[in-house]
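Visitor:
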Amino acid sequence: MNALDPVGEAPAAKPTRAFQIRISRGLLLGFGGLVFLAVVIVLSLGLWSAWRNTIELLREKSESTIGVVVARIEHYLDPAEHMLKHLGRQLETGAINPDDPAALGHYLSGALAATPQVRSVVFIAERGQMTLALRREEGVDLQLVDVRGLPVLRAALDEARTRQTLYWGEVIHPETARETLINVRYPVWRGTSYLGVLGATVRSVALARLLDDTARDIGGEAFVLYGDDQVLAHRKFLRGRFGLGPAHPLPTVAEVGDTIVAQFVATGLAGRAPRLTERATGVELVRVEGEDFAVIARTVDRYGAVPWRIGVSFPAADVGDELRRLTAAAIAGGVVLAVALVVALLFARYLSGAINRIATAAQEVRELALDRVMPVPASVFRELTEAAQAFNTMVVGLRWFEN
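In the numbering used here, the protein residues as written are 12 to 414.
Laid out in structure tokens, this is it:
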């Protein structure tokens, strides 16, 4: 009987388990884990979707912005192409006699009147005589010029001999002009005979004025780079003098003095500007004097062998509003997640505390220390309150038997 307790019954076996954790931790891991998983999944999906939508909106905004600039440049320059093609066909068919300077000048003057953005229309005959129709404030000025002693114009005549269709020539500052000109050329052939070359010029400062007007509409600073380090059009052309001439037709980026464009070029971003044929626009951020700027750029290669890099710069704050709202949403989601975990922790501690109080009181009853047993308080949970009431009633009964 020594294996029996004083009343003759075997002691109750203590329940054991290999793995045990506190109920507060279990509740936190269970309830808090589910909350954490749900919030993370929903927040991740929401942020991913918002990020994709934001990037798509920024891309469309960039495409729209640079598209406006490119479209206005095309609308400004395309009439020169159409005008030259028409004159060229008239010369090729004999409708215009290239050997009659008076008749030729009449047609050139008429073509110039129909294209107000064009500064001059010329025909350089194969023998080296140029008929020039030049726009002036008081009207059109007709001139005959011998180009055989003018290297820039003579080079244009010789180059056109190697071409068969209309093309845009290199930007030039001819000896007969006081400014840099964008020019389109049309080689005139009658059968296999080379008659000469037609040319139309647009002032680079006029393109700069067009960009300045466009920039005010879209809210930014527009520019056109010619190749890697020359500026074809910029607002500063409207009031700046850069010492241009036949040997130096365009200013460099450094000479123009736009620090944003200079940084854009210096970091190699300009060379990565997508081509128009890809219908893509590059958006790059540059930092100048502690401030971030966004540069939207696209490469256009239809105006000659040297590519044009058309861009618009503006403070990065304008393009970053959507991203800042997205960041704010991510922070808000993180705060919600943190609050949910804190609530889960407090709930787990409250629930485990109520259960621990019952367990502690039960331990006192097991040791027959009924005088130390404190009444178990009610809980906000009905089941725990009912358990507390039942336990308190049991303790009262045991104390009655004890007395």
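Just so you know, even glycine gets a beta-carbon here, dropped at the ideal spot from N, CA and C.
Pull the bridge partners of Pro326 from the DSSP assignment, please.
Guide: Phe304
Visitor: Can you tell me the Cα-Cα spacing of Leu255 and Tyr197, whole angstroms?
Guide: Leu255 and Tyr197: Cα-Cα distance of roughly 26 Å.
Visitor: With a threshold of 6 Å on Cβ separation, who are the neighbours of Leu54 within its own chain once the five nearest residues in sequence on each side are excluded?
Guide: Gly344
Visitor: Let's test the definition: count the other Cβ atoms within 10 Å of the Cβ of Phe134 and tell me whether it reaches 16, buried, or not, exposed.
Guide: Answer is buried; the Cβ neighbour count reaches 16.
Visitor: Could you tell me whether the Cβ atoms of Leu352 and Val46 are closer together than 9 Å?
Guide: yes
Visitor: Against chain D, does Arg172 count as a neighbour if the rule is that its beta carbon must be under 9 Å from one of theirs?
Guide: Among the protein chains of the structure shown there is no chain D, as only one such chain exists.
Visitor: So the alpha helix (DSSP H) Ile135 belongs to, where does it begin and stop?
Guide: Premise fails: Ile135 lies in the beta strand (DSSP E), Ser131 to Ala136, not in any alpha helix (DSSP H).
Visitor: Among Ile271, Leu357, Gly105 and Trp200, which one has its Cα closest to the Cα of Ala327?
Guide: Ile271
Visitor: Within 10 angstroms of its Cβ, does Leu287 collect 16 or more other Cβ (buried), or is it exposed?
Guide: Note that Leu287 scores a pLDDT of 47, beneath 50, so its modelled location is shaky and nothing firm can be said.
Visitor: Taking DSSP as the reference, what is the three-state secondary structure of Arg201?
Guide: strand
Visitor: If you measure between the beta carbons of Ala233 and Gly322, is that distance less than 9 Å?
Guide: The criterion of a C-beta distance shorter than 9 Å is satisfied by Ala233 and Gly322.
Visitor: For Ala244 and Ala136, I'd like the C-alpha separation in whole angstroms.
Guide: Whole-angstrom Cα-Cα distance: 31 Å.
Visitor: Do you know how far the Cα of Ala273 is from the Cα of Ile78?
Guide: Correcting the residue type first, residue 78 is Gly in the shown sequence and not Ile. Going by the C-alpha atoms only, they are around 23 Å apart.
Visitor: How far does the beta strand (DSSP E) with Gln154 in it extend, from its first residue to its last?
Guide: Gly150 to Asp157
Visitor: Ignore the nearest five residues each way along the sequence and tell me which others in Phe412's own chain have a CB closer than 8 Å to its CB.
Guide: none
Visitor: Could you spell out where the alpha helix (DSSP H) holding His417 opens and where it closes?
Guide: Because the chain spans 12 through 414 in this model, residue 417 falls outside it and cannot be assessed.
Visitor: Given this structure, state the Cα-to-Cα distance separating Thr396 from Ser390, to the nearest angstrom.
Guide: 5 Å
Visitor: Give the C-beta separation of Gly242 and Val267 to the nearest angstrom, bearing in mind that I take them to be a contact with Cβ-Cβ under 8 Å.
Guide: Note on identity: in this sequence residue 242 is Val, with Gly being the wrong assignment. Rounded, the Cβ-Cβ distance is 5 Å, consistent with contact.
Visitor: CB-CB under 6 Å to Gly19, same chain, minus the five flanking residues each way: which ones, in chain order?
Guide: No answer about Gly19 holds up, because its pLDDT of 49 lies below 50 and its placement is not dependable.
Visitor: Would a C-beta distance cut-off of 9 Å place Leu132 and Leu98 closer than the cut-off?
Guide: Looking at the sequence itself, residue 132 is Val, so the reference to Leu does not match. Yes, the Cβ-Cβ distance between Val132 and Leu98 is below 9 Å.
Visitor: Return the Cβ separation of Ala171 and Val195 in integer angstroms, given the expectation that the two are a contact with Cβ distance under 8 Å.
Guide: Between Val195 and Ala171 the Cβ distance is about 11 Å, and since that is not below 8 Å, they are no contact.
Visitor: Any idea if Leu102 is buried or exposed, counting beta-carbon neighbours within 10 angstroms, 16 or more meaning buried?
Guide: Buried.
Visitor: Looking only at its chain, what residues have a beta carbon closer than 6 Å to the beta carbon of Arg290, apart from the 5 residues adjacent to it on each side?
Guide: With a pLDDT of only 48 at Arg290, under the threshold of 50, the placement of this residue in the model should not be trusted; the figure read from the coordinates follows. Excluding positions up to five away in sequence, the list is empty.
Visitor: For the beta strand (DSSP E) containing Gln241, list its first residue and its last residue.
Guide: The continuous beta strand (DSSP E) containing Gln241 extends over residues Gln241 to His245.
Visitor: How would you label Thr404, buried or exposed, when you count the other beta carbons within 10 angstroms and need 16 or more for buried?
Guide: exposed
Visitor: Where does Gly408 fall in DSSP's three states?
Guide: In the structure shown, Gly408 sits in a helix (DSSP, three-state: H, G or I).
Visitor: Can you list, in chain order, the residues of its chain whose CB lies under 8 Å from that of Ile193, leaving out five sequence neighbours each side?
Guide: Leu88, Trp179, Val182, Thr212, Val213, Arg214, Ser215, Leu218, Leu243 and Tyr314
Visitor: Determine the closest residue to Val317 out of Phe248, Asp240, Ser363 and Leu296, with distance taken between C-alpha atoms.
Guide: Asp240
Visitor: Just how far apart, CA to CA, sit Met94 and Thr76?
Guide: If you draw a straight line from the Cα of Met94 to the Cα of Thr76, it is about 29 Å long.
Visitor: Cα-Cα, which of Gly364, Val235, Phe304 and His86 is closest to Val311?
Guide: Ranking Gly364, Val235, Phe304 and His86 by Cα distance to Val311 puts Val235 first.
Visitor: Would you identify the three-state DSSP class for Thr225, choosing helix, strand or coil?
Guide: Under the three-state reduction of DSSP output, Thr225 falls in the helix class.
Visitor: Cα separation between Ala5 and Asp303?
Guide: Residue 5 lies beyond the residue range present for the chain, which begins at 12 and ends at 414; the question has no answer from this structure.
Visitor: Hey, could you find the ends of the alpha helix (DSSP H) Val264 is sitting in?
Guide: Val264 to Val267
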